[in-house]
Amino acid sequence: MTGTPGDLNDAERRVWEAYRNGVPCVFGTAPGPASSDWTLASPQLGDDWGPERTVRAEVLARLLLGEAEPVPGRTPALELTGARITGTLNLRGARIDAYVDIRGCVFEGRVLLNDAATNTVRIIGSRVEAVRGRRVRVDGDLCLTTCRIRQGVVLTDAQIGTDLVLHGSHLTAMGDGRSLSADGVNVSGDLSAHGPFHAFGTVSLRSARIGGRATFYRAHIDAEPGTNARGQRHFAFDGAGLVVEQTLHFSDNFTATGSIRINDSRFGDALVIDEAAILRDPDEELVLWRVTARTLSLVLTAEPAGEIRLSGGQFGALTDIPTTWPGAGRFSIGGMTYTVLRSTSPMSLPQRLRWLAHATPNYEPQPYEQLATAYRASGQDEEARSVLLAKQRRNRETLRLPGRIWGHIQDAAIGYGYRPARALAWLAALIAVGTVAFAIDRPTPVKADEAPHWNAFFYTVDLLIPVVTVGQESAWNPAGWAQWVAYTLVLLGWALAGAAAAGATRVLNRQ
Numbered sequence: 125m126t127g128t129p130g131d132l133n134d135a136e137r138r139v140w141e142a143y144r145n146g147v148p149c150v151f152g153t154a155p156g157p158a159s160s161d162w163t164l165a166s167p168q169l170g171d172d173w174g175p176e177r178t179v180r181a182e183v184l185a186r187l188l189l190g191e192a193e194p195v196p197g198r199t200p201a202l203e204l205t206g207a208r209i210t211g212t213l214n215l216r217g218a219r220i221d222a223y224v225d226i227r228g229c230v231f232e233g234r235v236l237l238n239d240a241a242t243n244t245v246r247i248i249g250s251r252v253e254a255v256r257g258r259r260v261r262v263d264g265d266l267c268l269t270t271c272r273i274r275q276g277v278v279l280t281d282a283q284i285g286t287d288l289v290l291h292g293s294h295l296t297a298m299g300d301g302r303s304l305s306a307d308g309v310n311v312s313g314d315l316s317a318h319g320p321f322h323a324f325g326t327v328s329l330r331s332a333r334i335g336g337r338a339t340f341y342r343a344h345i346d347a348e349p350g351t352n353a354r355g356q357r358h359f360a361f362d363g364a365g366l367v368v369e370q371t372l373h374f375s376d377n378f379t380a381t382g383s384i385r386i387n388d389s390r391f392g393d394a395l396v397i398d399e400a401a402i403l404r405d406p407d408e409e410l411v412l413w414r415v416t417a418r419t420l421s422l423v424l425t426a427e428p429a430g431e432i433r434l435s436g437g438q439f440g441a442l443t444d445i446p447t448t449w450p451g452a453g454r455f456s457i458g459g460m461t462y463t464v465l466r467s468t469s470p471m472s473l474p475q476r477l478r479w480l481a482h483a484t485p486n487y488e489p490q491p492y493e494q495l496a497t498a499y500r501a502s503g504q505d506e507e508a509r510s511v512l513l514a515k516q517r518r519n520r521e522t523l524r525l526p527g528r529i530w531g532h533i534q535d536a537a538i539g540y541g542y543r544p545a546r547a548l549a550w551l552a553a554l555i556a557v558g559t560v561a562f563a564i565d566r567p568t569p570v571k572a573d574e575a576p577h578w579n580a581f582f583y584t585v586d587l588l589i590p591v592v593t594v595g596q597e598s599a600w601n602p603a604g605w606a607q608w609v610a611y612t613l614v615l616l617g618w619a620l621a622g623a624a625a626a627g628a629t630r631v632l633n634r635q
């Protein structure tokens, strides 16, 4: 249609002609041309607008579906500012070629984009009843910034050609407790939701794929209280199976009320939870089971009251500080691997050992072995040995009485092989005691005419060191209390040798 239909009101005719000419249609005044010029839409936006600024959603749909022919030489575009849009904007299944930029408007009904295909769509600084875009394909950006959206946003299985931008918007939950339902969404570029972005309900990105970064700087997410239809507490963020090719940021004073679930997810670069206020309630959890990332950064603003689950995670670097971790039994790291430990406030060895003990109320060897491997990789061999010694001591607690006794002997003698100098100290002390004892009470020769020259030092050595002999032990026969000293030295020698052999085997096997 080349003309203007006769069923339009004055405001709609202005929009119609502006669309055909590819020029903006502005009702009232606009703060500026840039998206950053727009602040969060007021809850009272549009309350005092009359018919002079009222446009039916049906008219916008007719324009976008091609009813109006563009003026020759012009590219049609819907650039609309300051209008009240009545009714539902129904574009389900539509193919929309025109550029869409709507600012400072009030949508009294829903925006329906299910199964539609469109180029860039921008809705900025507006009040919107709801946005529904299941399986929508957007060849450019989808921007829903500084908007108040009363019944949330659905982008399940949507495909966004470049960026999904939600800066500064306030999203209120739908009936299922979710404010952003974007499970399976595929964003080729970045997903960004910077403060004052505030989601009053779960942000759900299960099995989503983000080709660039996902950033929630200064954002706030508040899960709805209570439970869902399956009896589960609502999550603040649900990203199970999420793939982000670069980095996911929950940082720069990010806050969340409710649990965060990002299990079975992969991050090409890093998962950064930095300067974040989360897990402030004992019932909340941060679930990162089987997550893969080059770097995991966990730096919280305060020691968490909730729980952290990292079992099975695979990270190149782990960045934390002492206050990252909750109390004993409230975090798990079994099966988690990392290559390097980093921190702006490094944890001392005693703090790390306490960290391991708190993470494993029921003894698990792998976390100890992993920490030792990380220490060894950074050249801290003494720390690595101390961790493995602590591992053996924890393991000893799980053994039956004979095993615990033998464990104490190994620990006292050589520190399970990780304190070899201790064996030398024991050996020197026992030799000194034996030498003095046998110098005071010299044994009698077994055969007086065949006995070698008496030497209390070598006699003691002969008693202490099994198998090897220097000919003293068999030639002399102690009596009285010296005999008890001799028997004791023989037993201690065998115990020391057994402990040394077990320790050497353990160290050679890097256990």
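Sequential numbering from 125 applies to the sequence shown in this note's numbering. For every residue, glycine included, the Cβ atom is placed at its ideal position computed from N, Cα and C.
query                                                                                                                                                            : result
Exposed or buried, Pro470, counting other C-beta atoms within 10 Å across all chains shown (16 or more means buried)?                                            : exposed
According to DSSP, is Gln635 helix, strand or coil?                                                                                                              : Below a pLDDT of 50, predicted positions are generally treated as unreliable, and Gln635, at 49, falls in that range; the measurement from the model is reported next regardless. If DSSP states are grouped into helix, strand and coil, Gln635 belongs with coil.
Using the Cβ count rule (16 or more neighbours within 10 Å means buried), how would you classify Leu523?                                                         : exposed
Check Val614 in the structure and name its three-state DSSP category.                                                                                            : helix
Which residues does DSSP pair with Leu372 in a beta bridge?                                                                                                      : Ala338 and Leu395
Could you tell me whether any non-hydrogen atom of the ligand PLP is closer than 8 Å to the CB of Thr425?                                                        : Absence of the ligand PLP is noted for the structure shown, with no ligands found whatsoever.
Here's a check: name, in chain order, each residue in its chain whose Cβ is nearer than 7 Å to the Cβ of Gly264, leaving out the five neighbours to either side. : Asn243, Thr244, Gly285 and Thr286
Given this structure, state the Cα-to-Cα distance separating Leu288 from Gly313, to the nearest angstrom.                                                        : 8 Å
Which same chain residues, not among the five before or five after Val411, have their C-beta less than 6 Å away from its C-beta?                                 : Arg385, Asn387 and Arg433
Whole angstroms are fine: how far does the CA of Ala306 sit from the CA of Ala282?                                                                               : 8 Å
Measuring only the C-alpha atoms, how far is Phe581 from Glu493?                                                                                                 : 42 Å
Which residues in the same chain have their Cβ closer than 6 Å to the Cβ of Phe82, if we skip the five residues on either side of it in sequence?                : A query on residue 82 cannot be resolved here, the shown segment of the chain reaching from 125 to 635 and no further.
Given a threshold of 16 other Cβ atoms within 10 Å of its Cβ, counted over all protein chains shown, does His577 qualify as buried or as exposed?                : exposed
Thinking C-alpha only, which one of Leu164, Ala154 and Gly459 is nearest Gly319?                                                                                 : Leu164
Tell whether a beta-carbon distance below 9 Å holds between Gly156 and Val230.                                                                                   : no
Assign Asn486 to one of three DSSP states: helix, strand, or coil.                                                                                               : coil
Looking only at its own chain, which residues have a Cβ that is under 6 Å from the Cβ of Arg251, when we skip the five neighbours before and after it?           : Ala165, Leu169, Val230 and Arg272
I'd like the span of the beta strand (DSSP E) that includes Ser328, first residue to last.                                                                       : Thr326 to Ser328
CB-CB under 6 Å to Leu329, same chain, minus the five flanking residues each way: which ones, in chain order?                                                    : Ala306, Gly363 and Leu366
Take the Cβ of Trp449 as the centre, count every other Cβ of all protein chains shown within 10 Å, and call the residue buried at 16 or more, exposed below.     : buried
Helix, strand or coil, according to DSSP, for Ala293 in the structure here?                                                                                      : It should be pointed out that residue 293 corresponds to Ser in this sequence rather than to Ala. DSSP places Ser293 in coil when its eight states are reduced to three.
Quick one: using the 10 Å Cβ neighbour count with 16 as the cut-off for buried, is Gly256 buried or exposed?                                                     : A small fix is needed here, since residue 256 is Arg in this sequence, not Gly. Buried, because 16 or more other Cβ atoms sit within 10 Å of the Cβ of Arg256.
Looking at the unbroken alpha helix (DSSP H) that takes in Val423, where does it start and where does it end?                                                    : First-last for Val423: Thr416 to Leu424, but that is the beta strand (DSSP E), not the alpha helix (DSSP H).
Using a 10 Å radius around the Cβ and a threshold of 16 neighbouring Cβ atoms, would you call Lys515 buried or exposed?                                          : buried
Near Ala429, what residues of its chain come up, given a Cβ to Cβ distance below 8 Å and the 5 sequence neighbours on each side ignored?                         : Leu403, Arg404, Asp405, Pro406, Glu408 and Pro450
Taking a contact to mean a Cβ-Cβ separation below 9 Å, would you say Arg234 touches Leu213 in this structure?                                                    : yes
Do Val179 and Val147 come within 9 Å of each other at the CB atom, strictly closer than that value?                                                              : no
Taking C-alpha atoms, which residue in Val150, Val327 and Arg227 lies nearest to Ala158?                                                                         : Arg227
Is DSSP giving Asn579 helix, strand or coil here?                                                                                                                : coil
What number of angstroms, rounded off, separates the C-alpha of Thr416 from the C-alpha of Trp618?                                                               : 49 Å
Taking just the CA atoms, how far does Trp479 sit from Thr447?                                                                                                   : 11 Å
If you draw a straight line from the C-alpha of Arg246 to the C-alpha of Leu268, how long is it?                                                                 : 6 Å
May I have the straight-line CA-CA distance separating Arg390 from Arg414, to the nearest angstrom?                                                              : 9 Å
Let me know the secondary structure DSSP gives Val560 once reduced to three states.                                                                              : helix
Helix, strand or coil: which one does DSSP assign to Gln168?                                                                                                     : coil
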